[in-house]
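In the numbering used here, the protein residues as written are 396 to 714. These notes concern the structure reproduced below.
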Ligand code: CP
Ligand code: NVA
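So, in structure tokens, the structure goes:
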């Protein structure tokens, strides 16, 4: 069987936020990702196996990563590019300003994939260069690559997504931000339940409202049971994100009523799925029983990191 060629997608320089994608691009990216997933069986005969034409892509990770790092490296290689791992200290600007790091990289590589604490580091690299594509592999504020995989997983589960609702229960963090930026663009409403003081910032909610389509709404709650009522998916993330370790004890106590357990899942729609970006802490934000249940699609989300990031790389760098 002959592999099909990917659709052409217009160029966008950086991907620091889901909101960087022009209207309609998210849907096209997800269509391409599904195609790439199907085409992976062709291996080196896949139509995109040489799409990056030997280009180098730098990887600069200030924080630990399993999924993001592995899937970007595999994606770059399977598209005919070469990953270049940089030591994390280059992100702290100690040896030379981050602007200069970016301007050097621009002469050698097509893109940099950066995982950082401060979102403005990625913004600084993007602003310092005209040709270097900067991809946010997670900052303290946003995790846009995760949201791409989450949406592909929803499409696989539901087909038509318009009219569906995902309830995010937990910290109003980077993962929650990108989820509310992304899901409403394919018509999925998002209910966010967080303890008082841990909800999403108002500007994040305003940004999500601006891109919502097909009647999708973003609603905030403090009661997790109200948030999940009738929801088609229940999503959670760690209570303590990387960099917040000093707050772990307070957060463990504060978030205890927000644990996703069997009772909370039973309050959602009858065939609701369970979602988590991973890594998960069983016994904290989710029980082992829910994590291991047939409703759990967490490893589909992890797999889809690969296919959606391939689509993103093709969209940004492809020919
Ligand atoms: N979900 C996610 O980004 O995982 P890693 O931190 O392992 O990359
Ligand atoms: N919110 C988590 C996500 C990890 C993928 C963190 O930032 O640590």
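Ideal Cβ placement from N, Cα and C applies to all residues, glycine included.
Of the choices the options, whose alpha-carbon is the least far from that of residue i?
i: residue 506; options: 664, 643, 407, 608; result: 407
i: residue 649; options: 413, 620, 679, 609; result: 679
i: residue 671; options: 664, 603, 695; result: 695
i: residue 455; options: 465, 446, 448, 447; result: 465
i: residue 388; options: 606, 435, 687; result: Because the chain in this structure spans residues 396 to 714, residue 388 falls outside the shown range and cannot be described.
i: residue 592; options: 489, 509, 510, 616; result: 616
i: residue 522; options: 494, 575, 608; result: 494
Kindly indicate which three-state DSSP category residue i falls into: helix, strand or coil?
i: residue 426; result: helix
i: residue 478; result: strand
i: residue 584; result: strand
i: residue 704; result: helix
i: residue 508; result: strand
i: residue 612; result: coil
So does residue i have its beta carbon nearer than 7 Å to some heavy atom of ligand 2?
i: residue 734; result: Lying before the first or after the last residue shown, residue 734 is absent from the chain, which here runs from 396 to 714.
i: residue 718; result: Coverage of the chain is limited to positions 396 through 714, which leaves residue 718 absent and any answer about it impossible.
i: residue 670; result: no
i: residue 699; result: no
i: residue 487; result: no
i: residue 573; result: no
Would residue i pass as an interface residue toward chain C - the criterion being a Cβ-Cβ separation below 8 Å?
i: residue 626; result: Of the protein chains in the structure, only one exists, and it is not chain C.
Identify, in the order they occur along the chain, each residue of the same chain with its Cβ nearer than 7 Å to the Cβ of residue i, setting aside the five sequence neighbours on each side.
i: residue 370; result: Residue numbering for the chain in the displayed model covers 396 to 714; residue 370 lies beyond these limits and cannot be assessed.
i: residue 535; result: 512, 513, 514, 569, 638
Would you say the beta carbon of residue i comes nearer than 7 Å to a heavy atom of ligand 1?
i: residue 534; result: no
i: residue 460; result: yes
Excluding sequence positions up to five away, which residues of its chain have a Cβ less than 8 Å from the Cβ of residue i?
i: residue 647; result: 634, 635, 679
i: residue 424; result: 404, 416, 543, 703, 706, 707, 710
i: residue 642; result: 635
i: residue 550; result: 425, 429, 556, 581
With 16 as the cutoff for other CB atoms within 10 Å, does residue i come out buried or exposed?
i: residue 418; result: exposed
i: residue 546; result: buried
i: residue 645; result: exposed
i: residue 409; result: buried
i: residue 413; result: buried
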